[in-house]
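For reference, the structure is listed below as structure tokens.
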Amino acid sequence: MQYDNSDNSGIVKLIEAQKNLNEVYFVCFTNKRNESYRKTLEETLIKNADTIKYLRIGWNPTTKILSHLVNLISLDISVSLSIVTNWSNLERVSLPFLKILRAQLVPSKILTSLIENTKGHLTEISILYEGDDNRRLIQAIYQNCPNLIYLKLLFNNNNILELEELLTKCQYLSGLVIFTDELNEPDWNDLFEILAKSSPIGLFRFKFSSIWSLKLLESLKLLFDNWKDRHPILLQTIPIDKYYTNIEAELQLQLQKQTEDLIKIYKMKGIIRKYDTDLNEAIFEEFEWIQKKSVAYLMGS
9 MQYDNSDNSG
19 IVKLIEAQKN
29 LNEVYFVCFT
39 NKRNESYRKT
49 LEETLIKNAD
59 TIKYLRIGWN
69 PTTKILSHLV
79 NLISLDISVS
89 LSIVTNWSNL
99 ERVSLPFLKI
109 LRAQLVPSKI
119 LTSLIENTKG
129 HLTEISILYE
139 GDDNRRLIQA
149 IYQNCPNLIY
159 LKLLFNNNNI
169 LELEELLTKC
179 QYLSGLVIFT
189 DELNEPDWND
199 LFEILAKSSP
209 IGLFRFKFSS
219 IWSLKLLESL
229 KLLFDNWKDR
239 HPILLQTIPI
249 DKYYTNIEAE
259 LQLQLQKQTE
269 DLIKIYKMKG
279 IIRKYDTDLN
289 EAIFEEFEWI
299 QKKSVAYLMG
309 S
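Under the working numbering, residues 9 to 309 are what the sequence shown spells out, in order.
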């Protein structure tokens, strides 16, 4: 359902008429705040709390709705503005059956508490919050998510050491998407050394989002050299989309070409099975390395 701040009383009536409401997806296309209407929507959903298992919402909840959704399996909260300061409605929420958690621009402190109040069923976590020191969040993940299969998270020099513990504790991890902070990129040598040393046997699907650099290129070679006698890697790079001067853009293209040439060498050696570049994550789903999005999906996006 699309939320646009106009008269949406029909949506409320539609929700009230449902007998087995299972999945809810609210998208907000405006920066204007209409908390009274959002509150009405959330209070209406609370009446169907027992049946709702999948919730995707485009704003910070204005009520304690999550406390009522005890059977929730999948939660996706994407806040469009990072100026939100009151997150009290997300505090001390317990979702014992939650398997999928996606969040954007939600503070790590809130997400840490949420993860700590699950019951170990989380298999998929996708979190993006630039500039946040999320060491405690990573600790909460490896302490409470033994069945984790897919993880997308921002890593920098402040939390890179926690990665090794996560790889050791989350033995079912199958796919890892690493985003980086442009102003505080991790030491790629250290990061790739940890991946080569500590990745569980089923982890060979990787995505890395970063600005192309000679340092990253050299570190990739280190990862590939240390990946011998393991399952061939499925690899994607997600270039950061930003403004470049003509000289910077030319350098980026040169480094990308050098990376592709390096990949070809390690494909021939059997270290890499498949490689793709996915600008803005427009070609592949978040945790997909083989099947591209359908043509119809791409045309509609």
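Note that CB positions come from ideal geometry on N, CA and C, so glycine has one too.
Note that the structure is a prediction, hence the values are computed from the model and not measured.
Kindly indicate which three-state DSSP category residue i falls into: helix, strand or coil?
i           : result
residue 183 : strand
residue 159 : strand
residue 257 : helix
residue 266 : helix
residue 48  : helix
residue 131 : coil
residue 317 : Within the shown structure, residues of the chain are numbered from 9 to 309, placing residue 317 beyond reach of any answer.
residue 121 : helix
residue 86  : strand
residue 295 : coil
residue 71  : coil
residue 126 : coil
residue 111 : strand
residue 205 : helix
residue 300 : strand
residue 105 : coil
residue 148 : helix
residue 193 : coil
residue 99  : coil
residue 59  : coil
residue 198 : helix
residue 20  : helix
residue 81  : coil
residue 233 : helix
residue 29  : coil
Please classify residue i as buried or exposed, where buried requires at least 16 neighbouring CB atoms within 10 angstroms.
i           : result
residue 111 : buried
residue 100 : exposed
residue 176 : exposed
residue 293 : exposed
residue 167 : buried
residue 213 : buried
residue 222 : exposed
residue 66  : buried
residue 2   : Absent from the model: residue 2. The displayed extent of the chain is 9 to 309, so no value can be given.
residue 160 : buried
residue 286 : buried
residue 68  : buried
residue 194 : buried
residue 273 : exposed
residue 121 : buried
residue 239 : exposed
residue 21  : exposed
residue 96  : exposed
residue 261 : exposed
residue 142 : buried
residue 310 : Outside the modelled stretch of the chain, which goes from 9 to 309, sits residue 310, for which no answer is possible.
residue 280 : buried
residue 298 : exposed
residue 133 : buried
residue 207 : buried
residue 50  : buried
Per DSSP, which residues does residue i bridge with? Please list them.
i           : result
residue 34  : 65
residue 218 : 247
residue 242 : 213 and 282
residue 188 : 163
residue 136 : 112
Would you mind stating whether residue i and residue j have Cβ atoms separated by less than 8 Å?
i           : j           : result
residue 146 : residue 191 : no
residue 98  : residue 123 : no
residue 52  : residue 24  : yes
residue 164 : residue 189 : yes
residue 343 : residue 202 : Missing from the structure shown is residue 343; the chain here goes from 9 to 309 and no further.
residue 211 : residue 181 : yes
residue 87  : residue 113 : yes
residue 231 : residue 187 : no
residue 318 : residue 169 : Outside the shown range of the chain, which is 9 to 309, sits residue 318, and nothing can be said about it.
residue 155 : residue 131 : yes
residue 109 : residue 125 : no
residue 158 : residue 34  : no
residue 291 : residue 300 : yes
residue 150 : residue 115 : no
residue 248 : residue 289 : no
residue 61  : residue 30  : yes
At least three beta-carbon pairs within less than 8 Å, the stretch 208-218 to the stretch 255-270: With the cut-off at 8 Å, the stretch 208-218 and the stretch 255-270 do not touch.
Given 8 Å, three or more beta-carbon pairs between the stretch 57-66 and the stretch 76-88: yes
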